[in-house]
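Following: one structure in structure tokens, then a few remarks.
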Amino acid sequence: MSEANLHHLLEKLELLVSENQSLKIENKSLRSLVEETEPDASKVICYNNELEQFTYVATHDLKTPLANISGYLDLLEMDLENPSEDIKDSIKWLKYSVREAMNVIKELTSALKARNDKADLLIPINMDNLVESILSGMRSTIKQKKVLFICDFTEIDEFPYYQIALRSILQNLISNAILYLDPKKDGVIQIHTEKRSDDTICISIEDNGVGIDLEKNREKLLGLFKRVTNDGSGSGIGMYIINKLLENYGGQLEIESEVGIGSTFRIILPLTEKST
Amino acid sequence: MGKLKEILIIDDNEATNHFHRRLIEKLYPEIQVHLTKNGKAGFDYFVNAEEKPVLIFLDLNMPVMDGFEFLGVLNAYLPTEEQHKTSIVILSSSDENLDKERTRSLYPNISFNPKPLSKDKLSKIIDPYNKD
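Taken in order, these protein sequences are the chains called C and G. FYI, in my numbering the residues of the first sequence are 11 to 286. FYI, in my numbering the residues of the second sequence are 15 to 146.
This is the structure in structure tokens:
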């Protein structure tokens with residue numbers, strides 16, 4: 011159990027380390043980009059936030075397996091009767107290494123926390139304001155791609171949720187919708203809210219883009235670093251973040267799509283306040 | 015407090031559950047460990063138990079019914095004067111203060127422990143029960 015766990019973890023760590031390295035480089039180049047090209051700053055900040063969030067969820071997901079390894083090492087130590095010096099030495103260094111990995115995660119987490127030390131509280135969210143502010147951050151892309159946005163929040167325009175999380179979810183879905191618009195058609199993206207039942211609401215983002223073959227791509231769509239199309243754009247981490255955020259803050263994602271027609275992404279959020 | 019006979023563990027991580035069961039059974043073989051994989055299963059077990067568990071180890075992030083919801087339903091189910099009898103130890107993987115405040119607002123008899131439990135931490139939790 012412990013060894014399989016360790017293997018799995020080492021693989022994950024390796025991935026994270028190399029990912030982190032490229033994130034750092036990416037971050038650096040993004041920062042210099044911000045300095046160089048002021049007009050595009052908001053886009054860069056969005057992307058930077060996305061990378062930060064990815065680091066956050068990835069480190070969070072590594073904690074449990076690491077903690078398990080540390081626990082099983084303790085058990086192993088208790089179970090060993092008269093271990094040889096070599097075995098003791100291996101256990102000592104295994105423990106040391108696990109501790110080191112945990113420290114790295116702790117540092118990463120606290121570094122991220124220090125940067126965005128605003129608690130994401132359950133507050134009333136105004137959809138008009140939120141969507142407007144997200145769209146204004148994408149102004150140049152929207153203009154360049156000539157996308158028409160049709161927003162309708164008349165059915166429900168205010169509800170309680172976690173603002174930072176919802177902003178990130180919407181931002182990811184909207185930029186995906188823009189990214190996968192069909193260049194041969196005029197791009198139209200419709201965003202609207204509706205009350206599903208007494209205790210859930212639904213925010214849908216409907217595009218007339220290239221669409222996705224859901225049968226073939228369902229797994230890919232929800233996985234990490236996997237893009238549905240191969241055109242080279244998009245980081246592939248957006249869907250991972252969306253799913254993680256919904257998992258953590260409560261909510262579900264529904265996808266409907268047809269190749270050549272377009273896609274509809276629906277975010278289903280609970281209306282009942284969990285915290286009261 | 016009376017001798018501790020049973021610990022109910024509510025956590026969706028199989029490796030963590032198995033570890034906690036083994037650690038408890040090794041150090042306190044007289045204690046029964048009952049594992050459930052989410053808040054709903056844990057609550058069902060609690061409701062149907064003839065002798066209510068007095069110590070529950072609870073994870074927060076779980077499918078179906080998470081730790082917060084579990085605390086909510088337990089609070090609604092147990093009369094206030096009974097709540098001191100069932101202690102909850104939150105096994106958390108983060109030390110978000112926000113989580114702490116939120117859980118305390120849901121159920122009064124709560125303590126926190128980072129995952130996983132060590133020998134020392136476990137004895138700190140269990141020894142008070144075995145004193146008298």
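Glycine included, each C-beta is placed from N, C-alpha and C at the ideal position. Nothing here was measured: the structure is a model prediction, and the numbers come from that model.
Identity of the residue in the options nearest residue i by Cα
i, options, result
"S74 (chain G)", "G:F33, G:E115, G:T100, G:D25", "Checking the displayed sequence, the identity of residue 74 (chain G) turns out to be Leu instead of Ser. For the residues G:F33, G:E115, G:T100, G:D25, the minimum Cα distance to L74 (chain G) belongs to G:D25."
"S185 (chain C)", "C:I211, C:T164, C:R149, C:I213", "C:R149"
"Y42 (chain G)", "G:L18, G:E95, G:V78", "G:L18"
"L120 (chain G)", "G:R35, G:I38, G:I102, G:D141", "G:I102"
"L72 (chain C)", "C:I252, C:S39, C:H18", "C:H18"
"A68 (chain C)", "C:E225, C:N30, C:E264, C:I277", "C:N30"
"K135 (chain G)", "G:K51, G:Q97, G:F71, G:V78", "G:F71"
"S32 (chain C)", "C:L61, C:M137, C:E168, C:L43", "C:L61"
"H70 (chain C)", "C:E110, C:K105, C:L118, C:D99", "C:L118"
Counted within 10 angstroms of its Cβ, other Cβ atoms place residue i as buried (16 or more) or exposed
i, result
"T203 (chain C)", "buried"
"N92 (chain C)", "exposed"
"T164 (chain C)", "exposed"
"L158 (chain C)", "exposed"
"N182 (chain C)", "buried"
"D80 (chain G)", "buried"
"N139 (chain C)", "exposed"
"K254 (chain C)", "buried"
"T117 (chain G)", "buried"
"L88 (chain C)", "Here the sequence assigns Met to residue 88 (chain C), which means Leu is not the residue at that position. The residue is exposed, with fewer than 16 neighbouring Cβ atoms inside 10 Å."
"N218 (chain C)", "buried"
"L90 (chain C)", "exposed"
"L131 (chain C)", "exposed"
"S273 (chain C)", "buried"
"T94 (chain G)", "exposed"
"Q63 (chain C)", "buried"
"I35 (chain C)", "exposed"
"N113 (chain C)", "exposed"
"I97 (chain C)", "exposed"
"S39 (chain C)", "exposed"
"S28 (chain C)", "exposed"
"S42 (chain C)", "exposed"
"A29 (chain G)", "buried"
"A63 (chain G)", "exposed"
Residue i, DSSP secondary structure in three states
i, result
"Y121 (chain G)", "coil"
"D208 (chain C)", "coil"
"N127 (chain G)", "strand"
"S101 (chain G)", "strand"
"I45 (chain G)", "coil"
"P75 (chain C)", "helix"
"N253 (chain C)", "helix"
"S28 (chain C)", "helix"
"L22 (chain G)", "strand"
"L104 (chain C)", "helix"
"F163 (chain C)", "coil"
"P73 (chain G)", "One point to set straight first is that residue 73 (chain G) is Asp, not Pro, in the sequence displayed. Correct three-state label for D73 (chain G): coil."
"E65 (chain G)", "coil"
"I271 (chain C)", "coil"
"Y190 (chain C)", "coil"
"L158 (chain C)", "strand"
"I91 (chain C)", "First, the amino acid is wrong: residue 91 (chain C) is Glu here, not Ile. Looking at E91 (chain C) - three-state DSSP - the assignment turns out to be coil, as it is neither helix nor strand."
"D127 (chain C)", "Annotation note: pLDDT 48 at D127 (chain C) (below 50); position unreliable, coordinate value reported separately. D127 (chain C) falls in the coil class under three-state DSSP."
"I133 (chain C)", "strand"
"D134 (chain G)", "helix"
"D196 (chain C)", "coil"
"D217 (chain C)", "strand"
"P93 (chain G)", "coil"
"S39 (chain C)", "helix"
Whether residue i touches residue j by CB criterion (8 Å)
i, j, result
"V141 (chain C)", "L180 (chain C)", "yes"
"F33 (chain G)", "G53 (chain G)", "no"
"K205 (chain C)", "I166 (chain C)", "yes"
"G261 (chain C)", "L279 (chain C)", "yes"
"D209 (chain C)", "V269 (chain C)", "no"
"S107 (chain C)", "P130 (chain G)", "no"
"P142 (chain G)", "T100 (chain G)", "no"
"R177 (chain C)", "I144 (chain C)", "yes"
"L49 (chain G)", "R35 (chain G)", "yes"
"I271 (chain C)", "G197 (chain C)", "no"
"P170 (chain C)", "P193 (chain C)", "no"
"T151 (chain C)", "I174 (chain C)", "no"
"I215 (chain C)", "I199 (chain C)", "yes"
"N15 (chain C)", "Y82 (chain C)", "yes"
"F126 (chain G)", "I104 (chain G)", "yes"
"I101 (chain C)", "L86 (chain C)", "yes"
"I45 (chain G)", "E65 (chain G)", "no"
"E257 (chain C)", "R276 (chain C)", "no"
Chain D within 8 Å of residue i, Cβ atoms only
i, result
"N78 (chain C)", "Looking at the structure shown, chain D is missing, and the protein chains on hand are C and G."
Could you check whether the stretch 49-63 of chain G touches the stretch 86-93 of chain G, counting it as contact only if at least three pairs of C-beta atoms, one from each stretch, sit closer than 8 Å?
yes
Validate contact between the stretch 68-78 of chain C and the stretch 14-27 of chain C using beta carbons, cut 8 Å, 3 pairs
yes
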